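Residue numbers (our numbering): 549 to 639. In what follows, a structure is listed as structure tokens, so that the remarks can point back to it.
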Amino acid sequence: MSSQRIQPPALLFIEGDLTIRRVQELKDVLLARLAQSQALEVDLAGVTEIDTAGAQLLLMVRRAAQASQKELRLVAHSPAVASLFELLRIQ
549 MSSQRIQPPA LLFIEGDLTI RRVQELKDVL LARLAQSQAL EVDLAGVTEI DTAGAQLLLM
609 VRRAAQASQK ELRLVAHSPA VASLFELLRI Q
């Protein structure tokens with residue numbers, strides 16, 4: 549019987565704006581954290597504003613996770629995130 553240790557996901561909390569003004573900064577952070585673990589959980593409860601650039605960033609990180617066979621979970625959507633995700637039909 550083989551025992552594998554299941555590593556808990558890395559946690560990342562995003563607070564404030566998730567807009568074009570911060571996309572490059574957040575892209576670097578998200579991709580670095582994803583590279584360091586098998587699973588990444590991104591808590592979006594503190595996001596006060598999000599635009600389409602922010603949504604594109606999250607979708608790009610999701611694709612990067614899938615390409616490297618890693619897990620990405622976007623959790624605790626703030627009202628701003630939930631509203632934009634609903635508008636863009638993102639789940």
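All C-beta atoms, glycine included, are put in the ideal place defined by N, C-alpha and C. Owing to the predicted nature of the structure, the values given are computational and were not obtained by experimental measurement.
Under 8 Å, do residue i and residue j count as touching if we go by C-beta distance?
i	j	result
PRO557	GLU597	no
LEU632	ALA603	yes
Please classify residue i: does DSSP put it in a helix, a strand, or coil?
i	result
ARG610	helix
ALA624	coil
THR600	helix
Using CA atoms only, rank isn't needed, just tell me which of the options is closest to residue i.
i	options	result
LEU578	THR600, VAL629, ARG611 and ASP599	ARG611
GLN584	LEU559, ALA628, LEU635 and GLN639	LEU559
LEU622	ASP591, GLN555, LEU566 and VAL609	ASP591
ASP538	MET608, GLN586 and GLN555	As displayed, the chain neither begins before 549 nor continues past 639, which places residue 538 out of reach and without an answer.
Please list, in chain order, all residues of the same chain as residue i whose beta carbon is under 6 Å from its beta carbon, the five residues on each side excluded.
i	result
GLU563	GLY594
Take residue i and list the residues in its own chain whose beta-carbon comes closer than 8 Å to its own, dropping the five residues that flank it on each side.
i	result
ILE568	ASP599, ALA601 and GLY602
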